[in-house]
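Asks:
Numbering (my numbering), first residue to last: 5 to 376.
See below:
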């Protein structure tokens, strides 16, 4: 594999992607990939798990990870991570170990005290799931009984930006919002100016059959206005990549997310891909050397590390990690990726350079069909 090792024989990866209590979420997004696992009634001992401070267990898993891996970035998510007792304190403790800690959240629990505590840490960022700037555009995220949450989430977003917390917004592109992303970007630019960056990914998995927009040049208006809206948009190559996938319905860009991170779960399971949650490679609590022994060698890597996506799920998958893919393959410059808040720090940029130097002798720059 492509990762180097440090003086302590730890793999030098880019990111620790840690998912904790992935089935505990109060939202009812109709395109959620965890399907019925996000229904509270289906989770054994859910109330106990929500109200018990589990930080000691999480740190045990993290310590096992840190003995095998060094990474400058931590990405935390659930379920809804901030629904869990001790979540804010855990973020604070992790912030001492990483250059950046980014938390993926639906925004409902970003209360003023929590936001102020996160802002005071100085290296915590948020990734907010939001499909547009109106309630209608969030129709797949917020069923009628949860419509009131939209105003709550928007107030929390306002406060987070006001406090200077860097924000990524992830918009799931569906039949409800595919043609409205230029308007969404304009809203963000007008309202905030800077401090937010809007990412996109098309509906994934089986829900594409019911939620995906028809194939088309849905991002043509956004790309036509890219220079005007660029302050709140990721690098152009990423937007073109999403536009191409919306136009063709199939991902063609190769993906090497599995060469830059592993997926770590709060109970100790480890998977090679942070997006396709296949059967775990093993459990780091029971197998302390699991990552060293399996990274790049487990059979799942043969499935994911292909010149073109082969696994059916991969053909419909894309996400913010494609900024890293495009950088590694020469489609995005270091200056461009440094505009993306998680990768702007010196340790992250140095790690990206190391990974790219390992990739360059092996791969030619990837190319996709140009948008029409």
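Glycine residues also receive a C-beta, built at the ideal position from the N, C-alpha and C atoms.
Because the structure is a prediction, the values reported are computed rather than measured.
Which parts of the stretch 133-200 are runs of the beta strand (DSSP E), unbroken and 3 residues or longer, counting only runs that do not cross its ends?
Replies: 171-177
Asks: My output table needs one value for residue 9: the three-state DSSP class, helix, strand or coil.
Replies: Here residue 9 corresponds to residue number 5 of the chain shown, with the count starting at 1. If DSSP states are grouped into helix, strand and coil, residue 9 belongs with the strands.
Asks: Just curious, the alpha helix (DSSP H) that residue 105 is in, first and last residue?
Replies: Within the chain shown, the letter at position 101 stands for residue 105. Segment 104-109 is the beta strand (DSSP E) holding residue 105; no alpha helix (DSSP H) there.
Asks: Quick one: Cα of residue 192 to Cα of residue 292, how far?
Replies: Taking the chain shown and counting its residues from 1, the one referred to as residue 192 is at position 188. Taking the chain shown and counting its residues from 1, the one referred to as residue 292 is at position 288. Roughly 45 Å between the two C-alpha positions.
Asks: Closer than 6 Å by C-beta to residue 325: which residues in its own chain qualify, once you throw out the five before and the five after it? Chain order, please.
Replies: Locating residue 325 in the chain shown gives position 321, counting from the first residue. Result list for residue 325: 261, in chain order.
Asks: Considering only the beta carbon of each residue, do residue 223 and residue 253 sit closer than 8 Å?
Replies: One-based indexing of the chain shown puts residue 223 at position 219. One-based indexing of the chain shown puts residue 253 at position 249. Going by C-beta atoms, residue 223 is not nearer than 8 Å to residue 253.
Asks: Could I get the ranges of all uninterrupted alpha helix (DSSP H) runs contained in the stretch 292-364, with 4 residues as the minimum, in chain order?
Replies: Runs of the alpha helix (DSSP H) inside the stretch 292-364: 294-298, 303-308, 326-332, 338-341 and 350-363.
Asks: Can we say the stretch 102-117 touches the stretch 70-83, given the rule of at least three CB pairs closer than 8 Å?
Replies: Yes, the stretch 102-117 touches the stretch 70-83.
Asks: When burial is assigned at 16 or more other CB atoms within 10 Å of the CB, is residue 337 buried or exposed?
Replies: Here the question's residue 337 lines up with position 333 in the chain shown. That one is exposed.
Asks: Just the Cα atoms here: how many angstroms apart are residue 214 and residue 208?
Replies: Residue 214 sits at position 210 when you count from the first residue of the chain shown. Residue 208 sits at position 204 when you count from the first residue of the chain shown. Residue 214 and residue 208: Cα-Cα distance of roughly 11 Å.
Asks: Can you tell me whether residue 77 is helix, strand or coil according to DSSP?
Replies: Start at 1 with the first residue of the chain shown, and residue 77 comes out as number 73. Residue 77 falls in the strand class under three-state DSSP.
Asks: At a cut of 8 Å, does the stretch 159-170 reach the stretch 308-328 through at least three beta carbon pairs?
Replies: no
Asks: Could you check if residue 268 is buried or exposed, using at least 16 other CB atoms within 10 Å of its CB as the buried criterion?
Replies: What you label residue 268 is simply residue 264 of the chain shown in a count that begins at 1. By the neighbour-count rule (16 or more Cβ atoms within 10 Å), residue 268 is buried.
Asks: Measure the C-alpha to C-alpha separation of residue 30 and residue 156 and round it to an integer number of angstroms.
Replies: Position 26 of the chain shown, counted from the first residue, corresponds to residue 30. Position 152 of the chain shown, counted from the first residue, corresponds to residue 156. Whole-angstrom Cα-Cα distance: 14 Å.
Asks: So, using beta-carbon positions, are residue 250 and residue 18 closer together than 8 Å?
Replies: Numbered from its first residue, the chain shown carries residue 250 at position 246. Numbered from its first residue, the chain shown carries residue 18 at position 14. For residue 250 and residue 18, no; Cβs fall outside 8 Å.
Asks: Quick check on the burial criterion: 16 or more other C-beta atoms within 10 angstroms. Buried or exposed for residue 52?
Replies: Here residue 52 refers to the residue found at position 48 of the chain shown. Burial call: exposed.
Asks: Do the stretch 120-139 and the stretch 165-183 touch if we need at least three Cβ pairs shorter than 8 Å?
Replies: Contact holds: three or more Cβ-Cβ distances are below 8 Å.
Asks: If you follow the beta strand (DSSP E) that residue 20 is in, where does it begin and where does it stop?
Replies: Locating residue 20 in the chain shown gives position 16, counting from the first residue. First-last of the beta strand (DSSP E) with residue 20: 19-23.
Asks: Taking 8 Å as the cut-off, decide whether the C-beta atoms of residue 302 and residue 276 are in contact.
Replies: Position 298 of the chain shown, counted from the start, is the residue given in the question as residue 302. Position 272 of the chain shown, counted from the start, is the residue given in the question as residue 276. In contact: residue 302 and residue 276 (Cβ atoms closer than 8 Å).
Asks: Under 8 Å between the Cβ atoms of residue 133 and residue 206?
Replies: By one-based count along the chain shown, residue 133 stands at place 129. By one-based count along the chain shown, residue 206 stands at place 202. No.
Asks: Alpha carbon to alpha carbon, how far is residue 235 from residue 142? Give it in angstroms, no decimals.
Replies: As a working mapping, residue 142 is identified with position 138 in the chain shown. As a working mapping, residue 235 is identified with position 231 in the chain shown. If I take the Cα positions, the gap works out to 23 Å.
Asks: Among the residues of its own chain, which have a CB less than 7 Å from the CB of residue 55, if the five just before and after it don't count?
Replies: Your numbering for residue 55 matches position 51 in the chain shown. Cβ neighbours of residue 55 beyond the five flanking positions: 89.
Asks: Quick check on this structure: which residue in 334, 280 and 341 has the alpha carbon closest to the alpha carbon of residue 322?
Replies: Numbered from 1 along the chain shown, position 318 holds the residue referred to as residue 322. Selected option, being the one with the closest Cα: 280.
Asks: Going by DSSP, name the residue or residues bridged to residue 203.
Replies: Within the chain shown, residue 203 is the residue found at index 199, counting from 1. Partner(s): 174.
Asks: Just verifying my parser: in three-state terms, what is the DSSP assignment at residue 269?
Replies: On the chain shown, position 265 is the one that residue 269 refers to. Three-state DSSP puts residue 269 in a strand.
Asks: In terms of residue numbering, what span does the alpha helix (DSSP H) encompassing residue 261 cover?
Replies: As a position in the chain shown, residue 261 is number 257, starting the count at 1. Note, residue 261: premise wrong, no alpha helix (DSSP H); not H, not E.
Asks: CA-CA distance, residue 86 and residue 9?
Replies: Taking the first residue of the chain shown as position 1, residue 86 is located at position 82. Taking the first residue of the chain shown as position 1, residue 9 is located at position 5. Cα to Cα, the separation comes out at about 33 Å.
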